[in-house]
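A.B. asks:
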Amino acid sequence: MSKLKELYSSKSFRESGHALIDLLGDYLEAIEKKSISKVIPFQEPDEAFNFWQNDFEKKEIDPISFFKTTIERSNHLHHPKYMGHQVSAPSPIAALSGVLTSVLNNGGAVYEMGLVNNPLEKVISKYLATKIGFDENADGFLTSGGTLANLTALLTARAKYSDVWENGTTKKMAVMVSEEAHYCIDRAARIMGLGTEGIIKVPINDSFQLKIDELQNHFDKAKLADIHVFAIIGSACSTATGSYDNLKAIGDFAEKNKIWFHVDGAHGGAVVFSGKYKYLVEGIEKSDSVAIDWHKMLLTPAITTSLIYRNGENTYSTFQQKAQYLWDNSQSMEWYNAGKRTFECTKLMMSVKVYTIIKSYGTSIFEENVNYLYDLAREFETLISENSNFEIALSPQSNIVCFRLKIAKNGLSINEVNSKIRRLLLEEGEFYIVQTRIKDKLYLRVSLMNPTTELIHLKQLLNKIEFMFDQKL
Ligand SMILES: *Cc1c(COP(=O)(O)O)cnc(C)c1O
Numbered sequence: 351m352s353k354l355k356e357l358y359s360s361k362s363f364r365e366s367g368h369a370l371i372d373l374l375g376d377y378l379e380a381i382e383k384k385s386i387s388k389v390i391p392f393q394e395p396d397e398a399f400n401f402w403q404n405d406f407e408k409k410e411i412d413p414i415s416f417f418k419t420t421i422e423r424s425n426h427l428h429h430p431k432y433m434g435h436q437v438s439a440p441s442p443i444a445a446l447s448g449v450l451t452s453v454l455n456n457g458g459a460v461y462e463m464g465l466v467n468n469p470l471e472k473v474i475s476k477y478l479a480t481k482i483g484f485d486e487n488a489d490g491f492l493t494s495g496g497t498l499a500n501l502t503a504l505l506t507a508r509a510k511y512s513d514v515w516e517n518g519t520t521k522k523m524a525v526m527v528s529e530e531a532h533y534c535i536d537r538a539a540r541i542m543g544l545g546t547e548g549i550i551k552v553p554i555n556d557s558f559q560l561k562i563d564e565l566q567n568h569f570d571k572a573k574l575a576d577i578h579v580f581a582i583i584g585s586a587c588s589t590a591t592g593s594y595d596n597l598k599a600i601g602d603f604a605e606k607n608k609i610w611f612h613v614d615g616a617h618g619g620a621v622v623f624s625g626k627y628k629y630l631v632e633g634i635e636k637s638d639s640v641a642i643d644w645h646k647m648l649l650t651p652a653i654t655t656s657l658i659y660r661n662g663e664n665t666y667s668t669f670q671q672k673a674q675y676l677w678d679n680s681q682s683m684e685w686y687n688a689g690k691r692t693f694e695c696t697k698l699m700m701s702v703k704v705y706t707i708i709k710s711y712g713t714s715i716f717e718e719n720v721n722y723l724y725d726l727a728r729e730f731e732t733l734i735s736e737n738s739n740f741e742i743a744l745s746p747q748s749n750i751v752c753f754r755l756k757i758a759k760n761g762l763s764i765n766e767v768n769s770k771i772r773r774l775l776l777e778e779g780e781f782y783i784v785q786t787r788i789k790d791k792l793y794l795r796v797s798l799m800n801p802t803t804e805l806i807h808l809k810q811l812l813n814k815i816e817f818m819f820d821q822k823l
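In this text, residue positions in the sequence shown follow our numbering: the first is 351, and each later residue adds one.
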């Protein structure tokens, strides 16, 4: 058989498929049985590059051994001591559907290329819209990440308030956002050509939420400078500290000034599933658009993001482009031709991954996950407050907790102590946490993303930090 034929043979797929599933099953089992001690096998970037360059030069043909090496050398998100960045430890069943969707590879820009994923995308968007509190006029789609969803929403907002799509930029325009917003908002504004003047950063209060009483004066100041503010973004929640902006007040402000209100709920928008924590996004139903990442709090592999609009018709005004080979009529609203409304042309079959979770565990699993992780953050806060060596940056609103050792040692400042500890943790690899700077103070930061993480692991983390402080500094 020619190599090309062999590449496509069902027999070789079946063989390597079974081997891969066994490998991944063994991997997850090893994590369960605590026989993988390191969360992160950290290596300096150049060392890692050299390793792979050498591997490349060996030219051996052995995909299974490559799969093994990839597992061994990766960051283990399913490990209960993974508490680093805000990416889900994907539910294994949803990960399996990733194989399904990779084999089928139905792109979905046009209905004929997405016979299953496009209607499913509508089902999921309508469902999420009801969770947000929108009515039947709402609609949306899935897209490749919160970054792209935020950019898309801002493009829609601008299209509503200007004819920039046809005529280019003719006047100065701006968006308003809190100082604590995710960096992708700043980037989106710059991609849109708004420049530094076009990103009005509103100060924050002591809880790291956008200061509502600063909104009007910033808006008026822009107006005086002939800058047209067309949108405001609420963070739900912010990335560094996990703080939720007051969406209700922002909604009132947007309504009064007739500007677009977008909610960046990439991480914490998931609380719309939780009876217990939904209060954090009170007012979200007043927004014009909401972005929520399924690949953060909602058990789905990356990359899977919903962008939902209160008025579904607005989804069609973002990209009013003629693509005659794809669509008979570029002006009509065909929900089933996803490419009319999304940045992407070819797109992953994201809806299948979300739907797989719903088909396997029902929709209540999302609420269970959010409640578990948010509850755990509050228990961790108590644990920290009972230990006089540590202090917390602020009471956690989400599952993100920023805390630090509050003692200096051997000429090291408190910032340096915490920075060294974080570096030692990374090099040692038993835990994976990150760090963040808040008002000139360096904090250790955990995002509790993994429902197998328990309070005992957080106790062990504090013990480990104290041990490192005593023995390694
Ligand atoms: C993660 C995050 C983003 C970026 O989303 P990606 O899916 O990583 O592109 C944007 N905003 C907030 C608040 C986030 O937490």
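Virtual Cβ for every residue (Gly too), placed ideally from N, Cα, C.
Given the structure is predicted, the values throughout are model-derived calculations rather than measurements.
For ligand 1, list every residue whose C-beta falls under 7 Å from any of its heavy atoms, going in chain order.
C.D. replies: Taking each Cβ in turn, the ones that pass are 436, 495, 496, 497, 498, 500, 532, 534, 585, 587, 588, 589, 614, 616, 617, 643, 645, 646, 653 and 655.
A.B. asks: Quick one: give me the first and last residue of the beta strand (DSSP E) that residue 752 is part of.
C.D. replies: Counted from its first residue, the sequence shown places residue 752 at position 402. Residues 750 to 755.
A.B. asks: When the Cα atoms are used, what is the spatial distance from residue 693 to residue 721?
C.D. replies: Here residue 693 refers to the residue found at position 343 when the sequence shown is read from its first residue. Here residue 721 refers to the residue found at position 371 when the sequence shown is read from its first residue. Approximately 33 Å between the Cα atoms of the pair.
A.B. asks: Would you kindly check if the distance between the Cβ of residue 746 and the Cβ of residue 440 is under 7 Å?
C.D. replies: Here residue 440 corresponds to residue number 90 of the sequence shown, with the count starting at 1. Here residue 746 corresponds to residue number 396 of the sequence shown, with the count starting at 1. No, they are not a contact pair.
A.B. asks: Applying the 10 Å Cβ sphere with the 16-neighbour rule, what's the burial state of residue 614?
C.D. replies: Counting from one through the sequence shown, the residue named residue 614 turns up at place 264. Residue 614 is buried by the Cβ-count criterion.
A.B. asks: Could you spell out where the alpha helix (DSSP H) holding residue 366 opens and where it closes?
C.D. replies: Taking the first residue of the sequence shown as 1, we reach residue 366 at position 16. Element bounds for residue 366: 360 to 382.
A.B. asks: Here's a check: name, in chain order, each residue in its chain whose Cβ is nearer than 8 Å to the Cβ of residue 397, leaving out the five neighbours to either side.
C.D. replies: As a first step, residue 397 must be located in the sequence shown, where it is residue number 47. Around residue 397: no qualifying Cβ.
A.B. asks: Rank 779, 795, 778 and 639 by C-alpha distance to the C-alpha of residue 786 and give the top, closest one.
C.D. replies: The count along the sequence shown starts at 1 and reaches residue 786 at position 436. Nearest C-alpha to residue 786: 795.
A.B. asks: I'd like to know whether the C-beta atoms of residue 703 and residue 444 end up nearer to each other than 7 Å.
C.D. replies: As a first step, residue 703 must be located in the sequence shown, where it is residue number 353. As a first step, residue 444 must be located in the sequence shown, where it is residue number 94. Yes, these two residues count as a Cβ contact at 7 Å.
A.B. asks: Taking all protein chains shown into account, decide if residue 610 is buried (16 or more other Cβ within 10 angstroms of its Cβ) or exposed.
C.D. replies: Indexing the sequence shown from 1 puts residue 610 at position 260. So residue 610 ends up on the buried side.
A.B. asks: Look up residue 758 in the DSSP assignment and say whether it is helix, strand or coil.
C.D. replies: In the sequence shown, residue 758 corresponds to position 408, counting from 1. Residue 758 falls in the coil class under three-state DSSP.
A.B. asks: Beta-carbon separation of residue 578 and residue 550 under 7 Å?
C.D. replies: In the sequence shown, residue 578 corresponds to position 228, counting from 1. In the sequence shown, residue 550 corresponds to position 200, counting from 1. No.
A.B. asks: Within 7 Å of any Cβ in chain C, is that where the Cβ of residue 606 sits?
C.D. replies: In the displayed structure, chain C is absent; only one protein chain is listed.
A.B. asks: Have a look at 802, 790 and 756 and flag the residue whose alpha-carbon is nearest the alpha-carbon of residue 812.
C.D. replies: Position 462 of the sequence shown holds residue 812. Checked all of 802, 790 and 756; the closest Cα to residue 812 is 756.
A.B. asks: Please report the residue range of the beta strand (DSSP E) in which residue 795 lies.
C.D. replies: Position 445 of the sequence shown, counted from the first residue, corresponds to residue 795. That run of the beta strand (DSSP E) goes 791 to 797.
A.B. asks: Do residue 543 and residue 597 have their C-beta atoms closer together than 7 Å?
C.D. replies: Stepping through the sequence shown from its first residue, residue 543 is reached at position 193. Stepping through the sequence shown from its first residue, residue 597 is reached at position 247. Going by C-beta atoms, residue 543 is not nearer than 7 Å to residue 597.
A.B. asks: Alpha carbon to alpha carbon, how far is residue 768 from residue 356? Give it in angstroms, no decimals.
C.D. replies: Here residue 356 refers to the residue found at position 6 of the sequence shown. Here residue 768 refers to the residue found at position 418 of the sequence shown. Approximately 54 Å, taken between the alpha carbons.
A.B. asks: Am I right that residue 719 and residue 649 are in contact with their C-beta atoms under 8 Å? What's the rounded C-beta distance?
C.D. replies: What you label residue 719 is simply residue 369 of the sequence shown in a count that begins at 1. What you label residue 649 is simply residue 299 of the sequence shown in a count that begins at 1. 6 Å between Cβ atoms; contact.
A.B. asks: Got a sec, what are the start and stop residues for the beta strand (DSSP E) residue 655 sits in?
C.D. replies: In the sequence shown, the residue the question calls residue 655 occupies position 305. Element bounds for residue 655: 655 to 659.
A.B. asks: Which residues bound the beta strand (DSSP E) around residue 740?
C.D. replies: For the purposes of this step, residue 740 is taken as the residue at position 390 of the sequence shown. Looking at the DSSP string, the run of the beta strand (DSSP E) that includes residue 740 is 740 to 742.
A.B. asks: What is the rounded straight-line gap between the Cα of residue 912 and the Cα of residue 371?
C.D. replies: A query on residue 912 cannot be resolved here, the shown segment of the chain reaching from 351 to 823 and no further.
A.B. asks: Give the DSSP-derived three-state secondary structure of residue 786 in the structure shown.
C.D. replies: Translated into positions along the sequence shown, residue 786 becomes position 436. Three-state DSSP puts residue 786 in a strand.
A.B. asks: Determine the DSSP secondary structure at residue 528, reduced to helix, strand or coil.
C.D. replies: As a working note, residue 528 is residue 178 in the sequence shown. DSSP places residue 528 in strand when its eight states are reduced to three.
A.B. asks: Which full runs of the alpha helix (DSSP H) of 4+ residues lie inside the stretch 394 to 434, going along the chain?
C.D. replies: Fully enclosed alpha helix (DSSP H) runs of 4 or longer: 395 to 408 and 413 to 422.
A.B. asks: Classify residue 382: buried if its beta carbon has 16 or more other beta carbons within 10 angstroms, exposed otherwise.
C.D. replies: Residue mapping note: residue 382 aligns to position 32 of the sequence shown, counting from 1. Result: exposed.
A.B. asks: Please list the segments of the beta strand (DSSP E) lying wholly inside the stretch 492 to 548, counting only runs of 3 or more residues, in order along the chain.
C.D. replies: Runs found: 523 to 528.
A.B. asks: If contact is defined by three or more beta carbon pairs under 8 Å, each pair taking one atom from either stretch, is the stretch 376 to 394 in contact with the stretch 406 to 425?
C.D. replies: Cβ pair count under 8 Å is three or more, so yes.
A.B. asks: Identify the continuous beta strand (DSSP E) that holds residue 645 and give its terminal residues.
C.D. replies: Numbered from 1 along the sequence shown, position 295 holds the residue referred to as residue 645. Per DSSP, residue 645 belongs to no beta strand (DSSP E); it is in the alpha helix (DSSP H), 644 to 647.
A.B. asks: Around the C-beta of residue 402, are 16 or more other C-beta atoms found within 10 angstroms, so that it is buried, or is it exposed?
C.D. replies: Taking the first residue of the sequence shown as position 1, residue 402 is located at position 52. Residue 402 should be labelled exposed.
A.B. asks: What is the DSSP secondary structure of residue 608, reduced to helix, strand or coil?
C.D. replies: In the sequence shown, counting from the first residue as 1, residue 608 sits at position 258. Residue state, collapsed to three classes: coil.
A.B. asks: Let's see if you can read the secondary structure: which residues bound the alpha helix (DSSP H) around residue 448?
C.D. replies: The residue labelled residue 448 in the question sits at position 98 within the sequence shown. Taken as a continuous stretch (DSSP letters only), the alpha helix (DSSP H) holding residue 448 covers 442 to 454.
A.B. asks: Taking 8 Å as the cut-off, does the stretch 546 to 561 touch the stretch 508 to 528 (at least 3 CB pairs, one atom from each stretch)?
C.D. replies: Contact holds: three or more Cβ-Cβ distances are below 8 Å.
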